[in-house]
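Protein chains in written order, with this note's numbering: chain F, 1 to 215; chain Z, 1 to 215. Working notes for the structure below.
There are 2 protein chains.
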Amino acid sequence: MRISELSRTSGVSVASIKYYTREGLIAAGERVGYNQTRYDDSHVARLKLIRALITGGGLSIAATQNVLAAVDDDQLELGDVFAVAQRASSLAPETQPSPSATERVLSFVRDHGWDVGASNPGIAMVASALESFDEVSRTDLIEILTPYAGAADRIAESDLDNVPVDEARERSAETIVVGTVLGDTILAGLRRIAQEHHSKLRIAAATSAPDHEHA
Amino acid sequence: MRISELSRTSGVSVASIKYYTREGLIAAGERVGYNQTRYDDSHVARLKLIRALITGGGLSIAATQNVLAAVDDDQLELGDVFAVAQRASSLAPETQPSPSATERVLSFVRDHGWDVGASNPGIAMVASALESFDEVSRTDLIEILTPYAGAADRIAESDLDNVPVDEARERSAETIVVGTVLGDTILAGLRRIAQEHHSKLRIAAATSAPDHEHA
Chain F
1 MRISELSRTS GVSVASIKYY TREGLIAAGE RVGYNQTRYD DSHVARLKLI
51 RALITGGGLS IAATQNVLAA VDDDQLELGD VFAVAQRASS LAPETQPSPS
101 ATERVLSFVR DHGWDVGASN PGIAMVASAL ESFDEVSRTD LIEILTPYAG
151 AADRIAESDL DNVPVDEARE RSAETIVVGT VLGDTILAGL RRIAQEHHSK
201 LRIAAATSAP DHEHA
Chain Z
1 MRISELSRTS GVSVASIKYY TREGLIAAGE RVGYNQTRYD DSHVARLKLI
51 RALITGGGLS IAATQNVLAA VDDDQLELGD VFAVAQRASS LAPETQPSPS
101 ATERVLSFVR DHGWDVGASN PGIAMVASAL ESFDEVSRTD LIEILTPYAG
151 AADRIAESDL DNVPVDEARE RSAETIVVGT VLGDTILAGL RRIAQEHHSK
201 LRIAAATSAP DHEHA
């Protein structure tokens, strides 16, 4: 198909297609004859993946480049695709967390029985949040780590269930990338929904308990 | 204390203190005599809260204004403080999700037994992620909603456990704000850590199972 049809089918403007091609996010089309380029379904699929990552997941162009390079690299193991996707979708804290906050996270990670490398981007994310708790004199809030970690175990298990071992590598790599990037948004969204629900339940329980026995 | 001491104690520059005062994030100090203003411990505490929200939580000045106004408003119920904090820390999707994606989320929410208003910001967040799944032809990934929702219930319950009913309103309001804003980061961080751990476990299981019985 021509670039105009590729644009219609994918919903991505011609200008954006040309930009993504220049940035190496999408392979150039096949040049046929004078001033014409032909594209196929693989270009449509790639453009939709790019849109999901950039528009849906809020990734930058640079982060999208890294993630797509990991999807395309047949030699890269799936565990490493996870690492690339995690890094691409992690907002690095503005300042490096202190060694003591980092040590508290590493010690929690060990006690929880998790075996992870010190370069996992989650460690700095959690450490910088703990520093903010310290700053507002709420060191006690570190206790949420235990229930949160239990929830994270469950989430990670279901993330991995989406990547069956007998699947083609490219599909698995795409699942890892899309799931890691969009999973944070889904989780943050469901947390907001659950907070409202449970908050209403507790308010209802607190106000009806004393004297509305048969209500 | 003078502004120079306030700056030293809080770790916030004099220029930022003046800026936050102009933007109404912090009350003006008490004017004493010629060209001098006096601040007290409440200013130190407020500056630390602002830093936690802006530097730690990545909130904008405008979002921080909304959140602090909710903390300061004695008439606002704590359930509404949650709503304000949620909204301030939710990145609105670039485009409004389609009615069909929104309806799928609302139907999931009903089936899960959650009672929430249609304006809960989590609904649009989840709907836009589902649209991205559709776009890359991975509608099957909607199935992660079930395990994720179970995890979200657990997280929301522990968020609410941090707000005991017999506590002073201001402290509860601050906990809600700090916990809601930083909780997303902690959760995203722990998810990355758990993903690496469980991914290693599965790879180890897959490679050792066939012929390393006694390894």
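Think of the CB as a built atom: it goes at the ideal place given N, C-alpha and C, for glycine as much as any other residue. A quick note: this is a predicted structure, and the numbers were derived from the prediction, not measured.
Residue i, buried or exposed, once every other Cβ within 10 Å from all chains shown has been counted against 16
{"i": "V126 (chain F)", "result": "buried"}
{"i": "N120 (chain Z)", "result": "buried"}
{"i": "S4 (chain F)", "result": "exposed"}
{"i": "P164 (chain Z)", "result": "exposed"}
{"i": "P97 (chain Z)", "result": "buried"}
{"i": "T207 (chain Z)", "result": "exposed"}
{"i": "R192 (chain F)", "result": "buried"}
{"i": "E131 (chain Z)", "result": "buried"}
{"i": "A205 (chain Z)", "result": "exposed"}
{"i": "V81 (chain F)", "result": "buried"}
{"i": "H214 (chain F)", "result": "Only weak support exists for where H214 (chain F) lies, its pLDDT of 49 falling under 50; the coordinates are left without a value."}
{"i": "A151 (chain F)", "result": "buried"}
{"i": "G75 (chain Z)", "result": "Correcting the residue type first, residue 75 (chain Z) is Gln in the shown sequence and not Gly. The residue is exposed, with fewer than 16 neighbouring Cβ atoms inside 10 Å."}
{"i": "D140 (chain F)", "result": "exposed"}
{"i": "T220 (chain F)", "result": "Residue numbering for chain F in the displayed model covers 1 to 215; residue 220 (chain F) lies beyond these limits and cannot be assessed."}
{"i": "S10 (chain Z)", "result": "buried"}
{"i": "D159 (chain Z)", "result": "buried"}
{"i": "E196 (chain Z)", "result": "buried"}
{"i": "R8 (chain Z)", "result": "exposed"}
{"i": "A250 (chain F)", "result": "Residue 250 (chain F) lies beyond the range of chain F shown here (1 to 215); nothing can be said about it."}
{"i": "S128 (chain Z)", "result": "buried"}
{"i": "S89 (chain Z)", "result": "buried"}
{"i": "S137 (chain Z)", "result": "exposed"}
{"i": "R104 (chain Z)", "result": "buried"}
Those residues which DSSP pairs with residue i across a bridge
{"i": "T37 (chain F)", "result": "F:R31"}
N- and C-terminal bounds of the alpha helix (DSSP H) containing residue i
{"i": "L216 (chain F)", "result": "A question about residue 216 (chain F) goes unanswered here, because the residues of chain F that appear run from 1 up to 215."}
{"i": "S132 (chain F)", "result": "P121 to E135"}
{"i": "G79 (chain F)", "result": "L78 to A88"}
{"i": "P97 (chain Z)", "result": "P97 (chain Z) -> no alpha helix (DSSP H), and no H or E assigned at all."}
{"i": "A206 (chain Z)", "result": "R169 to S208"}
{"i": "T9 (chain F)", "result": "I3 to S10"}
{"i": "V71 (chain Z)", "result": "I61 to D72"}
{"i": "R22 (chain Z)", "result": "V14 to R22"}
Which residues, taken in chain order from the segment 16-28 of chain Z, show a beta carbon closer than 9 Å to some beta carbon of chain F? none
Scan the segment 140-154 of chain Z for residues whose Cβ lies nearer than 9 Å to a Cβ of chain F and list them as they occur along the chain. D140, L141, E143, I144, L145, T146, P147, Y148, A149, G150, A151, A152, D153 and R154
Along the segment 174-199 of chain Z, where does the CB come closer than 8 Å to a CB of chain F? Name the residues. E174, T175, V178, G179, T180, L182, G183, D184, T185, I186, L187, A188, G189, L190, R191, R192, I193, A194, Q195, E196, H197, H198 and S199
Using a Cβ-Cβ cut-off of less than 9 Å, give me the residues of the segment 99-125 of chain Z that come near chain F, in sequence order. V105, V109, H112, G113, W114, D115, V116, G117, N120, P121, G122, I123, A124 and M125
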